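Reading through the structure tokens given below for one structure.
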Amino acid sequence: NGAAVAAATASFLADVRADEGPEKERLTFFAQQLLGRVARRHSGVETQEQFDLWVERLELNDPDKFLVRLRNVVDVLVQDQWWFDRDALQAQIPAN
């Protein structure tokens, strides 16, 4: 589900990229709320236990998996209509 992957990515980015403080708390809270709404709409998730199982089942707790799926979703949406040289950008990203 593209929405689940996008929401998980938003949550991940808020967690790892935002500076500590109130802004990070707001961003993290908003991203988690978004993920919860997607879970509710996608699978009828209503409880924290259901949410935790849903996240695990969709592997939304593993960035190595959901970031690859996000790339695939974007590839399907964009196809060959990139506005920039994607390969050049990827070459500039440091490997972790």
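Number 115 marks the last residue of the sequence shown (the working numbering); no jumps. The beta carbon of each residue, even a glycine, is placed where N, CA and C say it ideally should be. Note that the structure is a prediction, hence the values are computed from the model and not measured.
- Per DSSP, reduced to three states, the secondary structure at Pro82 is helical.
- For Arg88, the number of other beta carbons within 10 angstroms of its own is at least 16, and it is reported as buried.
- The way I'd put it, the segment 89-98 doesn't touch the segment 62-72; fewer than three beta-carbon pairs between them come closer than 8 Å.
- Assigned with DSSP and collapsed to three states, Gln51 falls in helix.
- Ala22 is not a Cβ neighbour of Val74, given a cutoff of 8 Å.
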